[in-house]
Amino acid sequence: MIFVPSFLTLEVECTSIAMTTTELKIGVVVRDSRGQIGIVREPEPAPSKHWIDEQRDAAVIKALGPTQWWGVLPFDGGYVLSPEPLLEVLREATHEDFLAAVDAANVPARAHLAKMFPQYVDRILAERRK
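In my numbering, the protein residues as written are 740 to 869.
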């Protein structure tokens, strides 16, 4: 939180902008608090207090209080566990996003991605049959 003295406060006229927002759910592309981008895999139980204490941003996480946690498959590989308030939804996952995630994923993660996005697997198979 930033303190702004009252004499520096400006009045701003707000303009309404039509935007479509995507809810945080399995299969959307998100950015975490460290800037990693990936596809939401599944909801996860909250980690232990000990695990949270070892994180670089432990104070921020603790300040959130009880919240939903999500597992994310980053486009550069691995698996990230993040609290919902620290995830920014970017978009619904596209075919290109699916390919990027598959490219960086290990075999079990690829199998999970195939179950999450059967339409993209079907598209790849159809293209190979041509």
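We put the CB at the ideal spot given by N, CA and C, even for glycine.
Since this is a predicted model, take the numbers as computed values, not measurements.
Check	Outcome
Residue 780 and residue 855 - do their beta-carbons sit closer together than 9 Å?	yes
Give me, in chain order, the residues of the same chain whose beta-carbon lies closer than 6 Å to that of residue 841; leave out the 5 immediate sequence neighbours on both sides.	849 and 852
Looking at the unbroken beta strand (DSSP E) that takes in residue 782, where does it start and where does it end?	776 to 783
If residue 776 and residue 813 are in contact, beta carbons under 8 Å, what's the gap, nearest whole angstrom?	7 Å
Taking buried to mean at least 16 other C-beta atoms within 10 Å of its own C-beta, is residue 765 buried or exposed?	exposed
Threshold first: 3 residues or longer. Then list the beta strand (DSSP E) segments lying entirely within the stretch 808 to 843, N to C.	808 to 813, 819 to 822 and 827 to 831
By DSSP's criteria, residue 767 is part of a beta bridge. Which residues make up the other side?	831
Alpha carbon to alpha carbon, how far is residue 731 from residue 858?	Outside the shown range of the chain (740 to 869) lies residue 731, about which nothing can therefore be said.
Taking one C-beta from the stretch 803 to 820 and one from the stretch 784 to 793 each time, how about it: are there three or more such pairs within less than 8 Å?	yes
Output the distance between the C-alpha atoms of residue 762 and residue 826, rounded to the nearest integer angstrom.	11 Å
In three-state terms, what does DSSP make of residue 786?	coil
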